[in-house]
Amino acid sequence: MSTLSRFPNTSARYVARAPERTQEAVSRPLRLGAHLVEGGADFAVLAPHATAVELCLIDKSGPSLQERRFKLHPHNGTWSAFIPGVRAGQEYGYRVHGLWDPDQGMRFNPAKFLLDPYARAVTGSPELTPELYAHRVNEALSPTQNPPVRENLDSLEYMCRGVVVPQTPPATKQLFTPWEKTVIYETHVKGFTQQLELIPEPLRGTYSGLAHPVSTDYLRSLGVTTIELLPIHAKMSEPFLTQRDLSNYWGYSTLNYFAPEPSYATQIAQMNGPLAVIQEVKDMVARLHEAGLEVILDVVYNHSCEGGVDGPTISWRGFGQTSYYMQQPNYAGGFYDTTGCGNSFDFRRQAVLKMTLDSLRYWVTDIGVDGFRFDLSSTLARKGDQFDPNHPLFMAMATDPVLSNVKLINEPWDMGPNGWQTGNFPPPTADWNDRFRDSIRQFWVADQGAIANGHPGTDLRDLATCIAGSADLFSHGRASGGRGPLASINFVTAHDGFSLRDLVSYNRKHNEANKEDNRDGTDNNRSWNHGVEGDEGGAMTGSLLERRTRTMRNLLGTLLFSSGVPMIYGGDEMGDTKFGNNNSYCQDSEISWLNWDVEPWQQDLAETTAFLIRLRQDHRVLRPSSFYTQTVDDSKDQLPDLMWYGNDGKPMPDYRWFDPTNRCVQVLRSGAEQDADALVIINGSDQYVPVRLPKSRGNPYALTWDSTWRRPIIDSTRVYKPDASTVVDPMSIRLFFANPEP
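Quick note on the numbering used here: the sequence shown kicks off at 39 and runs consecutively.
Here's what the structure looks like:
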């Protein structure tokens, strides 16, 4: 039922009544959340500025909800009690009393039924209605007065509830795949299998579907080691999306940081209740581990689903928004937003630090995941306007016996001042390398479009820096070599932006389905459609198909031959399309779901991707763990660890790096006599280029891969002597190995 059709219906008014008396909590020290103990359960929640807090136990009686209220005992800002007779599966929430003074950031309203920030399971997502707002709103859900007036409508009937769960160990242990062998595959729980017909229909789009043997066999055949899942924390879509009949498909609108999203569970699990949902998540992680696949969660601790100061009161705001959210300087009633989502958690607050660390540990120790990717990490390391690389949160994770041993990845920017911080986060974390993304796209896609239209491309400097591991970003720090090349998560595409196919098929975004008049999403795509916008008129055929797929192969080859940790966006390996939508966050539809009905060229691309990943895994020369020095270590090798050559086979002179007409380069990596030497030749020009191979050790070069090949030639017999000449095709890459191990 829509908000407009219900408003201004006569709704239930909050009725105050004396809560039942309770005993002090049994557990010592107090643990936030709901925890089963002998004879019942302890409940504890943080609300430092409240005058009273009531625990509400909810039971269903037919279509209605029955509520019992219990008085909690205060202690240093924490409210707690022991409730006898409580068992697993009990639904609960809170009502909080206190001052109503929006200008001071005080918006306490006991009429609002609140979700426990530490709830381990939830019954679903709240229904967007006026009752969810602590202040009076109109039909558009905007405040009716300024300053806002407290609203007495009771929100219980429209809110989800927390659920008491038993603490059980995970069914699996972390895999601890070394960073140098890690290949990440970013995907969405629902989108990966929603259209995968080989999986039984009841399992499609679910946690169980992702863990099905059809899914794991595919991922293993591809060769990836680590699955990075878009958020699976419980979520609630933003009001403006709900009012447009859209939803936050990606999940970047968190409702709770401990509970998994129920809608991704099978219908059977959902019918059996939140405990069954948790078990399905645990089973998913265990099955993926059995297949040798790590699980990393994309997590959104920087903001919540409650939006700006005029948003609904669901959880944190109702317990005291100044305890959680970043306030405007000198005005406690306004939010300081560095996320672009209306609110930002304030990581100077002890409550926020503790919640984040407790949540992370829970997902590792109780669910069994292998790591996390932090959305908008700069907000997590903020002290107001300033980014602090030694922020207490990151120092805590680095020294925590649990968290310091799992994979921790930053999205190293946010929307606030000093927000771009790629390369500046502390170890042991790694960073998404957006400079790698932009440089590789520029060289292979945007420059190719410019050259085709008679303009010069860029020179080779940025490309070479990225291929060598982005030392400009990651080599600084106290340790020798800084954080090293493995701190760079290299990617060309991700969930946010064009897919690989769309990158080579569209000059501009096509986000009309998002219902924002195509204003959303970036315009800095560095894409090129190769002459035809999208697939108009069945465009993926003939010479256009060949040019587009070669560009895709160039991008994949550069990604997998570069120093650092590669990340592939799910579906790119088979040329999946989002139809030009570069901001599909609200598209729970065929726009976002992977299409497994592939054409022959897509199967060829998938085989190429798997072949390139195998080459990377089989040859340590392609995945160094330290930066190159371009010098000889006489104790190990007589060949420099890396050398750059021009197309004439001679070391690249300095001046040629600055020449935009010079778009051909050779890079030779030494295998240090423990692996084959690797020679990569890149021709980013639109001309055939004669190339003389370097002399190197005097061993022959075996051509292993050429991006002009539509599919891999597994047993290529083309072998070249050192100093031999060849001609390299326009816009292509070749990989050779020399002196392979016997």
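Even glycine gets a Cβ: it sits at the ideal position worked out from N, Cα and C.
Would you tell me roughly how many angstroms separate the C-alpha atoms of residue 125 and residue 201, rounded to the nearest one?
Each residue's Cα considered, the two are about 10 Å apart.
Exposed or buried, what is residue 59 when buried is set at 16 or more other beta-carbons lying within 10 Å of its beta-carbon?
Its Cβ having fewer than 16 others within 10 Å, residue 59 is exposed.
Quick test of your reading: residue 121 and residue 203, contact by CB under 8 Å. State the CB separation rounded to the nearest angstrom.
That belief does not hold up - the Cβ atoms of residue 121 and residue 203 are roughly 15 Å apart, past 8 Å.
May I have the straight-line CA-CA distance separating residue 239 from residue 299, to the nearest angstrom?
Between residue 239 and residue 299, the C-alpha separation is close to 20 Å.
Please list, in chain order, all residues of the same chain as residue 652 whose beta carbon is under 6 Å from its beta carbon, the five residues on each side excluded.
Closer than 6 Å at the Cβ level, and outside the excluded window around residue 652, lie 261.
For residue 284, collect the residues of the same chain with a Cβ closer than 7 Å to its Cβ; drop the 5 residues on either side in sequence, then sort them by chain order.
Contacts found: 553 and 624.
How many angstroms separate the CA atom of residue 279 from the CA atom of residue 175?
Taking the straight line joining both Cα atoms gives about 18 Å.
So the candidates are 272, 378 and 359; which of them puts its Cα closest to the Cα of residue 369?
Selected option, being the one with the closest Cα: 359.
Any idea which residues DSSP pairs residue 728 with across the strands?
765.
Three-state secondary structure (DSSP) at residue 474?
Residue state, collapsed to three classes: helix.
Determine the extent of the alpha helix (DSSP H) in which residue 231 is found, giving its start and end residues.
From DSSP, the alpha helix (DSSP H) with residue 231 extends over 227 to 231.
Quick one: Cα of residue 684 to Cα of residue 696, how far?
Their backbone Cα atoms lie some 13 Å apart in a straight line.
Whether or not the stretch 399 to 414 and the stretch 435 to 450 are in contact is what I'm after, with contact meaning three or more pairs of Cβ atoms, one per stretch, closer than 8 Å; do they touch?
As far as the Cβ criterion goes, the stretch 435 to 450 touches the stretch 399 to 414, which means the pair count is three or higher.
Taking only three categories from DSSP, how would you classify residue 706?
Residue 706: strand per DSSP, three-state reduction.
If I measure Cβ to Cβ from residue 248 and keep anything under 7 Å in the same chain, skipping five residues before and after, which residues do I get?
Answer for residue 248: 227, 230, 231 and 322, listed in chain order.
Ignoring anything shorter than 3 residues or poking outside the stretch 412 to 487, list the beta strand (DSSP E) runs there in chain order.
With a minimum length of 3 residues, the continuous beta strand (DSSP E) runs that stay inside the stretch 412 to 487 are 445 to 448 and 468 to 471.
For residue 581, which of 198, 112 and 746 has the nearest alpha-carbon?
When each option's Cα is compared against that of residue 581, the closest is 746.
Return helix, strand or coil for residue 500, following the three-state DSSP convention.
Helix at residue 500.
Below 8 Å between beta carbons: does that hold for residue 768 and residue 723?
Their beta carbons are under 8 Å apart, which means residue 768 touches residue 723 by this criterion.
Residues in its own chain within less than 7 Å of residue 57 by CB, not counting five upstream and five downstream?
Around residue 57: 92, 107, 108 and 109.
My parser needs the beta strand (DSSP E) runs of 3 or more residues fully inside the stretch 149 to 229; what are they?
Runs of the beta strand (DSSP E) inside the stretch 149 to 229: 222 to 225.
Just the C-alpha distance for residue 41 and residue 234, rounded to the nearest angstrom, thanks.
Per-residue confidence for residue 41 stands at a pLDDT of 41, beneath the threshold of 50, marking its modelled position as unreliable; the derived number appears in the next sentence. Going by the C-alpha atoms only, they are around 35 Å apart.
Could you pull out every residue in the same chain whose Cβ sits closer than 7 Å to the Cβ of residue 780, ignoring the five residues on either side in sequence?
Confidence at residue 780 is low in this model, with a pLDDT of 48, below 50, so its placement is unreliable and no value can be given for it.
Taking residue 639 as part of the alpha helix (DSSP H), name the residues at either end of that continuous run.
From DSSP, the alpha helix (DSSP H) with residue 639 extends over 638 to 656.
CA-CA distance, residue 663 and residue 94?
One C-alpha to the other measures close to 54 Å.
Given residue 43, which residues of its chain have a CB within under 7 Å of its CB, disregarding the five upstream and five downstream residues?
Because residue 43 carries a pLDDT of 40, less than 50, the predicted location of this residue cannot be relied on, and no value is offered for it.
Note down the Cα distance separating residue 472 from residue 149, rounded to an integer number of angstroms.
One C-alpha to the other measures close to 45 Å.
Can you name, in chain order, every residue of its own chain whose Cβ lies under 6 Å from the Cβ of residue 526, other than the five neighbours on each side?
If we look at residue 526 and ignore the five residues flanking it on each side, its Cβ neighbours are 471, 508, 512 and 602.
In whole angstroms, give me the CA-to-CA distance for residue 777 and residue 739.
So the alpha carbons of these two residues sit roughly 8 Å apart.
Would residue 657 and residue 716 be called neighbours here (beta carbons separated by less than 8 Å)?
Contact: yes.
Taking 6 Å as the limit between beta carbons, can you name the residues of its chain near residue 375, skipping five residues before and five after?
If we look at residue 375 and ignore the five residues flanking it on each side, its Cβ neighbours are 382.
Between the stretch 300 to 320 and the stretch 350 to 366, do three or more beta carbon pairs fall short of 8 Å?
No, they do not touch.
Use the C-beta contact count for residue 736: other C-beta atoms within 10 angstroms, 16 or more gives buried, fewer gives exposed.
Exposed: under 16 other Cβ atoms inside 10 Å.
Between residue 49 and residue 163, what straight-line distance do the alpha-carbon atoms span, to the nearest angstrom?
Distance between the alpha carbons of residue 49 and residue 163: 20 Å.
Tell me where the alpha helix (DSSP H) around residue 581 begins and ends.
Residues 580 to 599.
Are three or more beta carbon pairs between the stretch 456 to 476 and the stretch 385 to 403 nearer than 8 Å?
Taking 8 Å as the limit for Cβ pairs, the verdict is that the stretch 385 to 403 does not touch the stretch 456 to 476.
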